[in-house]
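Report on the structure given below.
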Amino acid sequence: MEQTNNIDTHTRRIVTIILLVTCFISLMSQTMMVTALPVIQKDLHVSMNAAQWLTTGYTLIIGVVTPLSSNMYEKFTNRHVFLTTLGIFIVGTVMGCFATNFLTLLAARLVQACAGGMLMSFQMTTMISIYPPEKRGSILGLSSLVISVGPAIGPTISGLILQVMSWRYLFILVLPFMVLAWICGYFKLANYSQPRDINIDILSVVISLLGTALTLGSMTALTINLWLGLGMLISGLLVLTIFVRRQLKLVNPMLKVQIFLKPSFRLMTIVTICAFMIMLGTEQMIPIFTENVQGVSSFMSGMILLPGALCNAVVAPIAGHFYDEHGPVIPLFAGFTVILLASIPLVTVNAHTPLWLLTSAYALRMVGNGMIFGPALSEAFTKLSLAENSHGTALNNSLRQCFGAVSVTMLVVISNLPAKLIVGIRTSLWVTVGLTFLMIITFIYYLSVKNHLKE
Numbered sequence: 466m467e468q469t470n471n472i473d474t475h476t477r478r479i480v481t482i483i484l485l486v487t488c489f490i491s492l493m494s495q496t497m498m499v500t501a502l503p504v505i506q507k508d509l510h511v512s513m514n515a516a517q518w519l520t521t522g523y524t525l526i527i528g529v530v531t532p533l534s535s536n537m538y539e540k541f542t543n544r545h546v547f548l549t550t551l552g553i554f555i556v557g558t559v560m561g562c563f564a565t566n567f568l569t570l571l572a573a574r575l576v577q578a579c580a581g582g583m584l585m586s587f588q589m590t591t592m593i594s595i596y597p598p599e600k601r602g603s604i605l606g607l608s609s610l611v612i613s614v615g616p617a618i619g620p621t622i623s624g625l626i627l628q629v630m631s632w633r634y635l636f637i638l639v640l641p642f643m644v645l646a647w648i649c650g651y652f653k654l655a656n657y658s659q660p661r662d663i664n665i666d667i668l669s670v671v672i673s674l675l676g677t678a679l680t681l682g683s684m685t686a687l688t689i690n691l692w693l694g695l696g697m698l699i700s701g702l703l704v705l706t707i708f709v710r711r712q713l714k715l716v717n718p719m720l721k722v723q724i725f726l727k728p729s730f731r732l733m734t735i736v737t738i739c740a741f742m743i744m745l746g747t748e749q750m751i752p753i754f755t756e757n758v759q760g761v762s763s764f765m766s767g768m769i770l771l772p773g774a775l776c777n778a779v780v781a782p783i784a785g786h787f788y789d790e791h792g793p794v795i796p797l798f799a800g801f802t803v804i805l806l807a808s809i810p811l812v813t814v815n816a817h818t819p820l821w822l823l824t825s826a827y828a829l830r831m832v833g834n835g836m837i838f839g840p841a842l843s844e845a846f847t848k849l850s851l852a853e854n855s856h857g858t859a860l861n862n863s864l865r866q867c868f869g870a871v872s873v874t875m876l877v878v879i880s881n882l883p884a885k886l887i888v889g890i891r892t893s894l895w896v897t898v899g900l901t902f903l904m905i906i907t908f909i910y911y912l913s914v915k916n917h918l919k920e
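Under my numbering, residues 466 to 920 are what the sequence shown spells out, in order.
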């Protein structure tokens with residue numbers, strides 16, 4: 466997909482609104498099922514382990530599909546990719562509306578996930594392509610808002626719906642918004658990309674699918690059988706190593722993994738991954754703590770997370786605009802400081818910790834995350850050529866999804882290791898503090914490399 470800076474402002478705004486709304490609903494839909502799992506378990510008479518695949522399978526498919534997105538953007542026009550992908554999501558949503566058994570419902574979720582992985586990458590690649598570099602921070606600030614707030618607000622919205630309606634309305638209420646987005650895209654989304662006649666390497670696709678599926682699937686397997694999970698993880702990493710070696714040899718690779726040789730992309734991608742892991746990990750640990758230690762309802766747990774999502778929504782665009790004007794140093798170091806301050810009450814939680822303190826600490830962490838994610842994402846793309854943007858987006862999204870799944874599984878496993886759950890939860894939250902220090906060290910190293918290259 467070629468960069469197009471000569472698009473008029475009105476068209477850019479329309480495209481931006483369509484993409485952000487579509488991606489937001491897709492990401493929100495991804496986590497809406499979390500609150501509904503107990504209800505679906507009883508209604509469709511399945512075990513909780515089986516019901517869990519409605520969320521685990523969704524994440525797995527997104528991780529598998531995302532690496533394929535870069536080739537799709539190069540081979541087809543932006544209009545073709547958007548309308549087809551959104552059409553697939555609508556089909557999955559309709560299937561969910563009429564699902565009468567668990568297998569049909571699971572199939573509906575997996576079809577949605579196929580489109581969801583493509584939509585997330587398409588949104589980022591398109592926004593980078595249609596805006597000039599000096600606006601990249603602001604526009605990726607909006608993108609990071611969607612990536613952070615969509616999944617965070619999903620369980621809360623789902624909890625509200627399930628108070629008065631059945632789980633089917635999690636699909637029924639999403640459907641008209643997606644159909645409207647498809648209609649708007651059909652009439653308002655013009656062709657501004659130039660597709661190339663490329664040959665997609667089928668063997669690379671198969672290796673990528675297998676490696677990603679084994680690696681992500683191992684995260685679920687680890688919670689069931691340690692040796693099975695480790696075997697799948699090692700096998701997946703070996704297959705992905707073969708995939709990387711093949712990409713380095715191909716003239717037209719499925720993914721240009723060579724862009725990892727660029728320090729800005731490599732190091733700032735690590736920062737975005739750590740920020741995402743911290744966000745998902747905290748988002749997972751707080752409901753586990755409130756529901757299992759303090760006896761709070763799942764709906765109330767979702768409400769505890771809501772202010773954090775709203776804070777992130779406010780901060781992310783501001784941080785992106787600040788990055789455009791002043792660079793990454795101030796927003797990132799401010800974000801690191803805020804996250805560390807918010808960690809103090811989190812790593813010392815006990816059965817008597819007031820809910821307002823948990824809510825405030827999580828909201829503060831989301832403020833810090835909003836300061837970091839957008840500017841770090843923008844900085845990661847500064848040295849990529851126009852032709853490399855779609856590959857960078859696919860790699861960044863794929864790695865973020867994979868490590869996000871790793872963080873959730875890792876923290877849940879750690880929280881269950883000690884005899885007392887409260888000790889395990891504190892330990893898990895200390896791990897997120899460790900990830901914060903990893904971000905700080907990585908960013909300081911990046912600044913030293915950046916300054917060295919200027920000399």
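Glycine included, each C-beta is placed from N, C-alpha and C at the ideal position.
Top-ranked residue by Cα proximity to residue i, from the options
{"i": "Thr680", "options": "Met589, Leu702 and Thr481", "result": "Leu702"}
{"i": "Phe868", "options": "Gly602, Thr474 and Gly528", "result": "Gly528"}
{"i": "Leu638", "options": "Pro793, Ile890, Ser494 and Ala845", "result": "Ser494"}
{"i": "Leu770", "options": "Met831, Leu903 and Leu627", "result": "Met831"}
{"i": "Leu502", "options": "Cys488, Gln517 and Gly760", "result": "Gln517"}
{"i": "Thr734", "options": "Thr481, Ser880 and His856", "result": "His856"}
{"i": "Ala826", "options": "Thr813, Ser808, Ala678 and Met836", "result": "Ser808"}
{"i": "Ala852", "options": "Asn862, Thr755, Ile783 and Ser594", "result": "Ser594"}
{"i": "Ala678", "options": "Gly522, Asn916 and Met768", "result": "Gly522"}
{"i": "Pro444", "options": "Pro620, Ser729 and Phe554", "result": "Outside the displayed span of the chain (466 to 920) sits residue 444, for which this structure offers no information."}
{"i": "Tyr596", "options": "Phe846, Leu695 and Thr824", "result": "Phe846"}
{"i": "Leu823", "options": "Met768, Ser700 and Ala841", "result": "Met768"}
{"i": "Met684", "options": "Gly792, Leu903, Thr907 and Val878", "result": "Val878"}
{"i": "Ser669", "options": "Asp508, Val722 and Met589", "result": "Val722"}
{"i": "Val576", "options": "Thr524, Pro616 and Thr565", "result": "Thr524"}
{"i": "Thr802", "options": "Val709, Glu844, His791 and Phe902", "result": "Phe902"}
{"i": "Cys488", "options": "Thr520, Thr590 and Met560", "result": "Thr590"}
{"i": "Met875", "options": "Phe567, Thr892 and Leu570", "result": "Thr892"}
{"i": "Phe636", "options": "Gly561, Gln628 and Asn656", "result": "Gly561"}
{"i": "Ile482", "options": "Ser608, Ala859 and Phe838", "result": "Ser608"}
{"i": "His510", "options": "Leu820, Pro810 and Asn566", "result": "Asn566"}
{"i": "Ser863", "options": "Leu674, Pro810 and Arg710", "result": "Leu674"}
{"i": "Cys776", "options": "Leu484, Val504 and Ser613", "result": "Ser613"}
{"i": "Leu485", "options": "Phe908, Ala573 and Gly650", "result": "Gly650"}
{"i": "Ile526", "options": "Ile906, Gln866 and Ala774", "result": "Gln866"}
{"i": "Leu568", "options": "Asn815, Ala515, Trp821 and Asn861", "result": "Ala515"}
Integer Cβ distance of residue i from residue j, believed to fall under 8 Å
{"i": "Arg544", "j": "Leu654", "result": "5 Å"}
{"i": "Leu900", "j": "Ile753", "result": "Their Cβ separation, rounded to whole angstroms, is 18 Å, which puts Leu900 and Ile753 out of contact at 8 Å."}
{"i": "Ala740", "j": "Leu610", "result": "With a Cβ gap of about 13 Å, Ala740 and Leu610 do not count as contacting."}
{"i": "Leu720", "j": "Gln712", "result": "6 Å"}
{"i": "Pro660", "j": "Glu539", "result": "7 Å"}
{"i": "Gly835", "j": "Val780", "result": "3 Å"}
{"i": "Ile804", "j": "Gly833", "result": "4 Å"}
{"i": "Tyr788", "j": "Pro782", "result": "Not quite, the Cβ-Cβ distance comes to about 11 Å (not below 8 Å), so this is no contact."}
{"i": "Phe464", "j": "Phe587", "result": "Within the shown structure, residues of the chain are numbered from 466 to 920, placing residue 464 beyond reach of any answer."}
{"i": "Leu698", "j": "Tyr911", "result": "With a Cβ gap of about 28 Å, Leu698 and Tyr911 do not count as contacting."}
{"i": "Leu894", "j": "Val812", "result": "5 Å"}
{"i": "Ile462", "j": "Ile707", "result": "The question about residue 462 has no answer here: the residues shown for the chain are numbered 466 through 920."}
{"i": "Thr737", "j": "Ala841", "result": "5 Å"}
{"i": "Ser880", "j": "Met750", "result": "7 Å"}
{"i": "Leu886", "j": "Asn690", "result": "At roughly 22 Å, the Cβ-Cβ gap does not stay under 8 Å, so Leu886 and Asn690 are not in contact."}
{"i": "Pro728", "j": "Val914", "result": "5 Å"}
{"i": "Thr520", "j": "Ser763", "result": "About 14 Å; that fails the 8 Å criterion."}
{"i": "Ile618", "j": "Asn536", "result": "Between Asn536 and Ile618 the Cβ distance is about 32 Å, and since that is not below 8 Å, they are no contact."}
{"i": "Ser623", "j": "Met497", "result": "4 Å"}
{"i": "Trp632", "j": "Val480", "result": "That pair is no contact at about 33 Å."}
{"i": "Gly792", "j": "Ile837", "result": "With 8 Å as the limit, Gly792 and Ile837 do not qualify as a contact, their Cβ atoms being about 14 Å apart."}
Any chance you could list the alpha helix (DSSP H) runs of at least 4 consecutive residues sitting entirely within the region 746-798, in chain order? 763-791
What ranges does the alpha helix (DSSP H) occupy inside the region 614-669, keeping only unbroken runs of at least 4 residues that lie completely in it? 634-637 and 640-653
How do the region 516-534 and the region 578-586 stand: do at least 3 beta-carbon pairs fall below 8 Å, yes or no? yes
How about the region 598-610 and the region 862-877: do they share at least three Cβ pairs that are nearer than 8 Å? no
Threshold first: 4 residues or longer. Then list the alpha helix (DSSP H) segments lying entirely within the region 792-833, N to C. 794-811
Could you tell me which whole beta strand (DSSP E) segments of length 3 or greater appear in the region 494-581? none
Threshold first: 3 residues or longer. Then list the beta strand (DSSP E) segments lying entirely within the region 870-900, N to C. none
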